[in-house]
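Last residue of the sequence shown: 361 in the UniProt record's numbering, with the numbers rising by one and none dropped.
No residue lacks a Cβ here, since even glycine has one placed at the ideal position from N, Cα and C.
The structure displayed is predicted, hence computed values, not measured ones.
First the structure, in the form of structure tokens, and then the observations on it.
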Amino acid sequence: MAQEVRGVIAPGKGERVRIETVTVPDPGPGEAVVRVQACGVCHTDLHYRQGGIGEDFPYLLGHEAAGLVEEVGEGVTDVAPGDFVILNWRAVCGRCRACRRGRPWYCFDTHNARQKMTTAGGTVLTPALGIGAFAEKTLVAAGQCTKVDPSVPPSVAGLLGCGVMAGIGAAVNTGAVGRGDSVAVIGCGGVGNAAVAGARLAGAARIIAVDLDDRKLATASALGATHTVNSRSQDPVEAIRELTGGHGADVVIEAVGRPETYRQAFYARDLAGTVVLVGVPTPEMQLEIPLLDVFGRGGALKSSWYGDCLPSRDFPMLVDLHLQGRLDLGAFVSETIALDEIEDAFTRMQAGDVLRSVVVM
Numbered sequence: 001m002a003q004e005v006r007g008v009i010a011p012g013k014g015e016r017v018r019i020e021t022v023t024v025p026d027p028g029p030g031e032a033v034v035r036v037q038a039c040g041v042c043h044t045d046l047h048y049r050q051g052g053i054g055e056d057f058p059y060l061l062g063h064e065a066a067g068l069v070e071e072v073g074e075g076v077t078d079v080a081p082g083d084f085v086i087l088n089w090r091a092v093c094g095r096c097r098a099c100r101r102g103r104p105w106y107c108f109d110t111h112n113a114r115q116k117m118t119t120a121g122g123t124v125l126t127p128a129l130g131i132g133a134f135a136e137k138t139l140v141a142a143g144q145c146t147k148v149d150p151s152v153p154p155s156v157a158g159l160l161g162c163g164v165m166a167g168i169g170a171a172v173n174t175g176a177v178g179r180g181d182s183v184a185v186i187g188c189g190g191v192g193n194a195a196v197a198g199a200r201l202a203g204a205a206r207i208i209a210v211d212l213d214d215r216k217l218a219t220a221s222a223l224g225a226t227h228t229v230n231s232r233s234q235d236p237v238e239a240i241r242e243l244t245g246g247h248g249a250d251v252v253i254e255a256v257g258r259p260e261t262y263r264q265a266f267y268a269r270d271l272a273g274t275v276v277l278v279g280v281p282t283p284e285m286q287l288e289i290p291l292l293d294v295f296g297r298g299g300a301l302k303s304s305w306y307g308d309c310l311p312s313r314d315f316p317m318l319v320d321l322h323l324q325g326r327l328d329l330g331a332f333v334s335e336t337i338a339l340d341e342i343e344d345a346f347t348r349m350q351a352g353d354v355l356r357s358v359v360v361m
């Protein structure tokens with residue numbers, strides 16, 4: 001029968017979040033109920049609260065999560081009750097034209113649970129990124145559950161469900177960073193610093209971290225940046241060029257999502273270099289770059305969806321790297337908090353005081 005749990009709701013645009021009773025239905029065909037053990041506070045959740053993503057309020061926030069499968073519906077075979085899983089927001093269909101071409105990370109028909117969670121009063125909730133994990137339990141499509149080694153702490157495992165995967169994937173998958181490459185990362189929040197870690201894993205020889213905040217740059221250095229640039233005091237394009245022999249970086253990853261920082265990334269890359277946009281812009285933003293410059297510089301301008309990851313492939317691999325001591329996921333966790341502290345965590349995130357707050361149930 002349906003269960004009632006506590007969850008964090010964004011009731012309307014710009015309104016403070018609040019804890020309400022959430023009704024979680026029994027899983028139907030192809031669905032699973034997951035008991036959430038930990039969930040990161042991601043900037044995307046703040047975008048939802050502010051109305052920057054959609055207007056389907058009220059939202060059940062939270063998506064960067066790990067937990068235990070509690071129940072599964074008819075036809076589910078890939079996971080079972082008791083499995084420790086990381087939740088993902090791009091459950092691939094296996095049938096669309098991208099999947100049939102062997103590129104499931106581009107799946108054009110990703111899906112979520114068909115049933116809806118509601119408030120105790122029956123109001124339908126929109127789960128953030130189809131997950132809604134700022135709750136003690138949540139209902140998802142079974143394909144959104146990726147089974148991983150249960151020895152990894154939930155507080156770090158869940159980060160792979162969004163921010164850390166987006167950043168590492170932007171470097172390794174989308175940017176195809178190779179051994180000996182030079183890489184610049186503009187914006188060193190959770191996603192940008194994950195891109196720094198990904199560039200290090202890929203064997204980049206020079207990793208240049210750019211940000212306005214020396215605290216974030218210090219974290220970038222700990223995660224593998226060989227050089228840092230504070231763009232309050234230095235022109236980042238000139239600094240990146242100077243650090244790369246006057247040429248620009250082979251790969252520049254823009255992890256802010258603003259037109260001005262994208263232009264910096266565009267002009268800070270080498271000829272035939274690659275720009276990867278992984279920062280999320282807001283709907284009103286516009287970009288203007290001379291088309292001749294786009295033509296004359298060659299190379300590639302890419303957007304990175306979820307780090308172009310395939311959860312079934314990438315999540316277990318990154319968990320293994322963490323357990324081997326080769327990827328310090330714990331470095332991304334600034335603090336652990338309770339479910340009723342999320343509004344304050346948003347404030348600290350906006351102030352740049354934390355890399356990631358993680359709700360531990």
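Range covered by the alpha helix (DSSP H) that runs through residue i
| i | result |
| --- | --- |
| residue 342 | 342-350 |
| residue 264 | 259-267 |
| residue 242 | 236-243 |
| residue 322 | 311-323 |
| residue 99 | 97-100 |
| residue 200 | 190-201 |
| residue 353 | Where residue 353 is concerned, there is no enclosing alpha helix (DSSP H), given that its DSSP letter is neither H nor E. |
| residue 293 | 291-297 |
| residue 177 | No alpha helix (DSSP H) contains residue 177, which DSSP labels as neither H nor E. |
| residue 66 | Taken as a continuous stretch (DSSP letters only), residue 66 belongs to no alpha helix (DSSP H), being part of the beta strand (DSSP E) at 64-72. |
Residue i and residue j closer than 8 Å at C-beta
| i | j | result |
| --- | --- | --- |
| residue 254 | residue 229 | no |
| residue 62 | residue 9 | no |
| residue 307 | residue 174 | yes |
| residue 32 | residue 72 | yes |
| residue 319 | residue 140 | no |
| residue 271 | residue 246 | no |
| residue 285 | residue 37 | no |
| residue 75 | residue 29 | yes |
| residue 278 | residue 203 | no |
| residue 142 | residue 83 | no |
| residue 40 | residue 180 | no |
| residue 88 | residue 283 | no |
| residue 44 | residue 125 | no |
| residue 117 | residue 309 | no |
| residue 215 | residue 102 | no |
| residue 257 | residue 294 | no |
Element boundaries [beta strand (DSSP E), containing residue i]
| i | result |
| --- | --- |
| residue 184 | 182-186 |
| residue 7 | 3-10 |
| residue 168 | Element bounds for residue 168: not the beta strand (DSSP E) but the alpha helix (DSSP H), 163-169. |
| residue 288 | No beta strand (DSSP E) contains residue 288, which DSSP labels as neither H nor E. |
| residue 228 | 227-230 |
| residue 250 | 249-254 |
Reduced DSSP secondary structure (H/G/I, E/B, other) of residue i
| i | result |
| --- | --- |
| residue 53 | coil |
| residue 88 | coil |
| residue 116 | coil |
| residue 145 | strand |
| residue 274 | strand |
| residue 18 | strand |
| residue 206 | strand |
| residue 303 | strand |
| residue 339 | helix |
| residue 103 | coil |
| residue 281 | coil |
| residue 77 | coil |
| residue 27 | coil |
| residue 154 | helix |
| residue 217 | helix |
| residue 330 | helix |
| residue 128 | helix |
| residue 211 | strand |
| residue 139 | strand |
Cβ neighbours of residue i in the same chain (closer than 6 Å, five flanking residues each side left out)
| i | result |
| --- | --- |
| residue 211 | 188 and 217 |
| residue 46 | 346 |
| residue 244 | 182 |
| residue 315 | 86, 146, 148 and 160 |
| residue 177 | 171, 183, 199, 202, 204 and 251 |
| residue 362 | A question about residue 362 goes unanswered here, because the residues of the chain that appear run from 1 up to 361. |
| residue 94 | none |
Close beta carbons around residue i, own chain, < 7 Å, minus the five adjacent residues each side
| i | result |
| --- | --- |
| residue 108 | 96, 97 and 98 |
| residue 335 | 354 and 357 |
| residue 323 | 149, 151 and 152 |
| residue 343 | 16 and 17 |
Cβ-Cβ separation, residue j to residue i (assumed contact under 8 Å), whole Å
| i | j | result |
| --- | --- | --- |
| residue 199 | residue 207 | 5 Å |
| residue 92 | residue 34 | At roughly 18 Å, the Cβ-Cβ gap does not stay under 8 Å, so residue 92 and residue 34 are not in contact. |
| residue 251 | residue 224 | Actually they are not in contact, since the Cβ atoms of residue 251 and residue 224 sit about 14 Å apart, beyond 8 Å. |
| residue 291 | residue 259 | Rounded, the Cβ-Cβ distance is 16 Å, inconsistent with contact. |
| residue 154 | residue 80 | That pair is no contact at about 18 Å. |
| residue 300 | residue 274 | 5 Å |
| residue 268 | residue 237 | 5 Å |
Proximity test, residue i beta-carbon vs the ligand COA heavy atom, cut-off 7 Å
| i | result |
| --- | --- |
| residue 209 | In the structure on display, the ligand COA does not appear, and there are no ligands present to speak of. |
Neighbourhood of residue i by C-beta distance below 8 Å, restricted to the same chain and skipping five residues each side
| i | result |
| --- | --- |
| residue 6 | 19, 20, 21, 22, 135, 136 and 339 |
| residue 15 | 49 |
Within-8 Å CB hit, residue i to chain C
| i | result |
| --- | --- |
| residue 322 | Chain labels in this structure do not include chain C; a single protein chain is all it has. |
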